[in-house]
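**Q**
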Amino acid sequence: MTTHTHHTDQQHPEPAAGPRVAVVTGGSRGIGRAVSQKLAEDGLAVVVNYARDASAAEETVEAITAAGGRAVAVQADVAEEKEVAALFDRAEDEFGGVDVVVNSAGRMTLSTVADLDLAALDAMHRTNIRGTFVVAQQAARRLRAGGSFIGFSTSVVGAQYPTYGAYAASKGAVEAMTLILARELRGRDVTVNTVAPGPTATDLFLDGKTPEQVDRLAKTPPLERLGSPEDIAAVVAFLGSPAGHWVNGQILRANGGLV
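Here's what the structure looks like:
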């Protein structure tokens with residue numbers, strides 16, 4: 007059964023009059039922190055979202071403000087629609103609107119399909135799929151003309167490494183939504199893209215891996231190194247900028263040439 011819901015009262019926000027504004031989920035650590043700092047360097051006011059680690063979020067905000075940027079830290083669980091709505095409310099109240107939404111919040115548990123604890127599967131589904139959907143839903147309702155939504159996948163969706171089955175499946179769902187949402191926003195002058203990093207030197211990636219495993223993965227791409235959070239932040243910043251606005255509905259595998 008197909009249910010059609012029409013939001014007849016939904017507004018199409020006008021373009022920004024002042025500085026552009028970004029909401030970055032999972033913005034307190036790793037790639038999310040690098041994205042927050044890069045967007046701030048590019049002149050955007052940044053709402054740094056975090057789930058639990060308030061001190062890490064405040065460190066990100068302090069780094070941005072020390073460099074002359076504007077930022078605030080706001081707690082919200084991306085899977086909780088009321089909390090995410092309040093996050094966007096705060097962005098609008100604090101800075102006047104929302105122009106770029108980057109959903110970098112994510113969860114990863116590695117295991118073979120046969121041995122995966124289904125509670126871990128549910129947790130990844132909640133953050134990676136439901137969380138992306140909830141954030142995208144608010145972005146679709148609130149992004150101003152000229153705006154961008156940027157989701158996060160993983161290059162493992164293409165590389166198909168063992169033990170990544172559940173994680174890759176959760177990120178495959180993000181990729182499946184990307185062009186559909188872009189098409190649903192026809193006429194809004196809002197782009198939707200997903201970045202799929204390869205091996206990137208973050209705590210999330212390095213956790214639980216031996217130096218030998220890290221070294222092997224680093225040598226896999228033709229560039230023979232791990233990506234840095236700043237490498238990924240540069241791609242996100244391009245997609246969120248006027249220069250990248252002709253790119254729409256795409257999955258960008260930012261991975262140094264990893265298959």
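Using our numbering, the letters of the sequence shown map in sequence onto residues 7 to 265. Even for Gly, the Cβ is constructed at its ideal location relative to N, Cα and C. Nothing here was measured: the structure is a model prediction, and the numbers come from that model.
Using a Cβ-Cβ cut-off of 7 Å (strictly less than) and excluding sequence neighbours within five positions of Leu191, which residues of its own chain qualify?
**A** So the qualifying residues of the chain are Ala146, Val198.
**Q** Taking the alpha-carbon of Ala79 as reference, which of Ala249, Asp59, Glu86 has the nearest alpha-carbon?
**A** Comparing Cα positions, the closest option is Asp59.
**Q** Whose C-beta lies closer than 8 Å to the C-beta of Pro228 among residues of the same chain, with five residues either side of it excluded?
**A** Closer than 8 Å at Cβ, skipping near neighbours: Gly262, Gly263.
**Q** Between Arg194, Asn55, Ala239, Asp121, which lies nearest to Glu89 when the distance is taken from Cα to Cα?
**A** Here the closest residue by C-alpha is Asn55.
**Q** Distance check for Ile156 and Val4, CA to CA, integer angstroms please.
**A** Since the first residue of the chain shown is 7 and the last is 265, residue 4 is not available in this structure.
**Q** Which ranges would you report for the alpha helix (DSSP H) in the region 116–164 if only whole runs of at least 4 residues count?
**A** Entirely contained in the region 116–164, the alpha helix (DSSP H) runs reaching 4 residues are, in chain order, 124–130, 137–148.
**Q** For Tyr170, name the three-state secondary structure that DSSP assigns.
**A** DSSP places Tyr170 in coil when its eight states are reduced to three.
**Q** Helix, strand or coil for Thr200, going by three-state DSSP, please let me know.
**A** It is a strand residue.
**Q** Run through DSSP, which three-state label would Thr208 get?
**A** Coil.
**Q** Here's a check: name, in chain order, each residue in its chain whose Cβ is nearer than 8 Å to the Cβ of Ile238, leaving out the five neighbours to either side.
**A** Excluding residues within five positions, the ones whose Cβ falls inside 8 Å are Ile37, Ala40, Val41, Val201, Pro203, Thr206, Ala260.
**Q** Just checking my contact of Ala165 with Ala111 at CB under 8 Å: how many whole Å lie between their CB atoms?
**A** Rounded, the Cβ-Cβ distance is 22 Å, inconsistent with contact.
**Q** Between which two residues does the alpha helix (DSSP H) holding Val241 run?
**A** Taken as a continuous stretch (DSSP letters only), the alpha helix (DSSP H) holding Val241 covers 235–245.
**Q** What number of angstroms, rounded off, separates the C-alpha of Val141 from the C-alpha of Glu87?
**A** Answer to the nearest angstrom: the Cα atoms are 8 Å apart.
**Q** Starting from Ala77, trace the beta strand (DSSP E) in both directions and tell me its first and last residue.
**A** Taken as a continuous stretch (DSSP letters only), the beta strand (DSSP E) holding Ala77 covers 77–81.
**Q** For Glu181, which residues of its own chain have a beta-carbon under 7 Å away from its beta-carbon, when the five flanking residues on both sides are left out?
**A** These residues qualify, in order along the chain: Ser159, Val163, Thr200, Ile257.
**Q** Are Leu116 and Thr169 touching if we call contact CB-CB under 8 Å?
**A** In this structure, Thr169 lies closer than 8 Å to Leu116 by Cβ.
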